[in-house]
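Anchor point for the sequence shown: position 174 equals 174 in my numbering, and the numbering is continuous, going up by one each time.
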Amino acid sequence: MDASPEKTVPRKIHEVLRVLVHDLENYRIAVQDANKKGDRYLGEVFFITMEQESAEPAKNVVLKLAFYDASTRNARPIRATFLNEVYFYTKLWPKLVEFQQAIPPGIGFFHVAKCLETSVEAEAEWLVLENLKHEGFAMHDKKKPLSRNQLEMIFELYGRFHAISLAYKALKPREFQELTKEAKEHLKRYFEPMDFKKAISKWQKRCLRSLVPGVDDAVIEKYEGYVAKGMEVFSQSQVVGKYTAIIHGDCWSNNMMFKYDNSGNVLDVRFLDFQQSRLASPACDLSYCLYSGGTKADFDELTHLLQVYHDSLKRNLAAYGCDPVEVYPFQALEEDWARYCHFGVSMGLLLWRVKLAGADGSSVDEEEYRRRTRDIILHLYENNYM
């Protein structure tokens, strides 16, 4: 090759690539910075292509690299969160894949991007994943709500995913407890930083502006009381209850990729970013996805979407030899939604702000933001969730 990798690739990335391929000097390397202002809280993401002059196919990977400057790491739970995601990919996920050997592969859940390498070295945490763009998958436009077709497929797949750990816990309780113990320790600090809590509280309050005096007076009165106890409600939605599963955790549309047919119908989904994966109520995943990606028309079809999810869950639990009524009945799911949906509500109110921001991260479509957040608040009011 004409140029050494050290001269063309930032040193921190070069060190990672050395782990992937030992003869790095024989590769042409292209690095694309995938970071957009406002999108990244804990680290950077790079798309990397490595090509040899031989006829071998190019290697296309995604690198997730933790921020390493001290001030950022002191303010955010960067190390704990990267450790949590590495633990998911290297410990939890292989066990969940192995556990699925008990059921027909056609109904299993294998919709997770492949993780190729990881590092847990302090101040040098990273993960390398397959680049799904080269497998025909694409990101959804974050400014647009998810379609009903997308939501139904996501809820159906979450039913399969949650069924794995619910069945695992029911059939092998001691092994499951040991498996999830370390993950609990990693994520204790994720929701503790004050800047995160302040952001949640700030946007809960600001969303009062989305309500219309003279039209929404009863809603305003109810929502003011909700905001007054907003952080308490959010914290309570983190408490682990009776029906818990290993959840995805960070369920907005940027953490999913979709494959479509020529007519635009969704054929397949891959789930990304398991930094917040933890043992929690399945309603946390479902509500986060719905309120950060759905419309009022979708909220009004909540019972239908929960039934799509639960039908999938029941089918897979039965395939494992579990009684769905005992492991997670539909009534319990509805009760959990009433309690744990506030996690998804809080994330939705915050994330629509991020999703509707311009490329520079500053300008926001305020009218659309008010419409999106008003829809969420109206849904809470109409269903007595406040």
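Don't be surprised by glycine CBs; every beta carbon is placed ideally from N, CA and C.
Original post:
Which two residues bound the contiguous alpha helix (DSSP H) that contains residue 64?
Top reply: Taken as a continuous stretch (DSSP letters only), residue 64 belongs to no alpha helix (DSSP H), being part of the beta strand (DSSP E) at 59-66.
Subject >> Where residue 360 falls, given that 16 or more other Cβ within 10 Å makes a residue buried >> reply: exposed
**OP:** With a floor of 3 residues, list each beta strand (DSSP E) that falls wholly inside the segment 272-307, ordered by position along the chain.
**Re:** Counting only runs of 3 or more, we get 278-280.
**OP:** Find out if the Cβ-Cβ distance for the pair residue 160, residue 230 is shorter than 8 Å.
**Re:** No, the Cβ-Cβ distance between residue 160 and residue 230 is not below 8 Å.
Subject >> Those runs of the alpha helix (DSSP H) which lie wholly inside the segment 75-150 and span at least 4 residues >> reply: 78-87 and 93-99
Subject >> contact_flag[the segment 88-97, the segment 264-279] where n(CB pairs < 8 Å) is 3 or more >> reply: yes
Subject >> the segment 208-228 touching the segment 358-378, judged by at least three CB pairs closer than 8 Å >> reply: yes
Original post:
At what residues does the beta strand (DSSP E) containing residue 242 begin and finish?
Top reply: Per DSSP, residue 242 belongs to no beta strand (DSSP E) and is neither H nor E.
**OP:** Could you tell me the distance, in whole angstroms, from the CA atom of residue 241 to the CA atom of residue 280?
**Re:** 7 Å
Original post:
How should residue 244 be labelled, buried or exposed, when 16 other C-beta atoms within 10 angstroms of its C-beta is the threshold for buried?
Top reply: Residue 244 comes out buried.
Subject >> Option in 100, 355 and 42 with minimal Cα separation from residue 171 >> reply: Taking only the C-alpha atoms, the option nearest residue 171 is 100.
**OP:** Round the Cβ separation of residue 138 and residue 258 to the nearest angstrom and send it over; I've been treating them as touching at under 8 Å.
**Re:** Rounded, the Cβ-Cβ distance is 6 Å, consistent with contact.
Subject >> Every unbroken alpha helix (DSSP H) inside the segment 338-382 [4 residues or more] >> reply: 366-382
Original post:
Does the distance from the CB of residue 19 to the CB of residue 61 come in under 8 Å?
Top reply: For residue 19 and residue 61, no; Cβs fall outside 8 Å.
**OP:** Determine the direct distance from the alpha carbon of residue 42 to that of residue 5, and round the result to whole angstroms.
**Re:** Legend: pLDDT at residue 5 = 44, less than 50; position of this residue unreliable, value from coordinates given subsequently. The alpha-carbon atoms of residue 5 and residue 42 are separated by roughly 26 Å.
Original post:
Counting pairs of beta carbons, one from the segment 295-306 and one from the segment 345-362, are three or more of them closer than 8 Å?
Top reply: no
Subject >> Cβ-based burial, residue 22 [other Cβ within 10 Å; buried from 16] >> reply: Under the 10 Å beta carbon count, residue 22 is surrounded by fewer than 16 other beta carbons and is classified as exposed.
Original post:
With 16 other CB atoms within 10 Å as the buried threshold, where does residue 33 fall?
Top reply: Of the other Cβ atoms in all chains shown, fewer than 16 fall within 10 Å of the Cβ of residue 33; this residue is therefore exposed.
**OP:** Rounded to whole angstroms, what's the CA-CA distance from residue 73 to residue 79? Just pull it up for me.
**Re:** In this structure, the CA atom of residue 73 is about 8 Å from the CA atom of residue 79.
**OP:** Could you work out which residue in 70, 117 and 69 is closest to residue 63 when comparing CA atoms only?
**Re:** When only C-alpha atoms are compared, the closest one is 117.
Original post:
From residue 124 to residue 381, what does the alpha carbon distance come to, in whole angstroms?
Top reply: 46 Å
Original post:
DSSP beta-bridge partners for residue 51?
Top reply: 28
Original post:
How many Å lie between residue 84 and residue 293 at the Cα?
Top reply: 25 Å
**OP:** With DSSP collapsed to three states, give me the class of residue 6.
**Re:** Because residue 6 carries a pLDDT of 43, less than 50, the predicted location of this residue cannot be relied on, and the following value inherits that uncertainty. Three-state DSSP puts residue 6 in a helix.
**OP:** Take the Cβ of residue 390 as the centre, count every other Cβ of all protein chains shown within 10 Å, and call the residue buried at 16 or more, exposed below.
**Re:** Residue 390 is absent from the structure shown; the chain starts at 1 and stops at 386.
Original post:
For residue 315, which of 167, 219, 297 and 56 has the nearest alpha-carbon?
Top reply: 167
Subject >> Segment limits, beta strand (DSSP E) that includes residue 260 >> reply: 256-260
Subject >> Reduced DSSP secondary structure (H/G/I, E/B, other) of residue 266 >> reply: In the structure shown, residue 266 falls within a strand segment according to DSSP collapsed to helix, strand and coil.
**OP:** Mind checking which residues open and close the alpha helix (DSSP H) that includes residue 213?
**Re:** Taken as a continuous stretch (DSSP letters only), residue 213 belongs to no alpha helix (DSSP H), as it is neither H nor E.
Original post:
What are the residues that DSSP puts in a beta bridge with residue 46?
Top reply: 33 and 63
**OP:** Would you give the residue range spanned by the alpha helix (DSSP H) that residue 222 belongs to?
**Re:** 217-228
Original post:
From which residue to which residue does the alpha helix (DSSP H) around residue 12 run?
Top reply: 11-20
Original post:
If you draw a straight line from the alpha carbon of residue 329 to that of residue 311, how long is it in whole angstroms?
Top reply: 11 Å
**OP:** Taking 8 Å as the cut-off, decide whether the C-beta atoms of residue 158 and residue 282 are in contact.
**Re:** yes
**OP:** Go to residue 324, then tell me how far its alpha helix (DSSP H) extends in each direction, as first and last residue.
**Re:** 324-327
Subject >> Contact under 8 Å by Cβ, residue 111 with residue 266 >> reply: no
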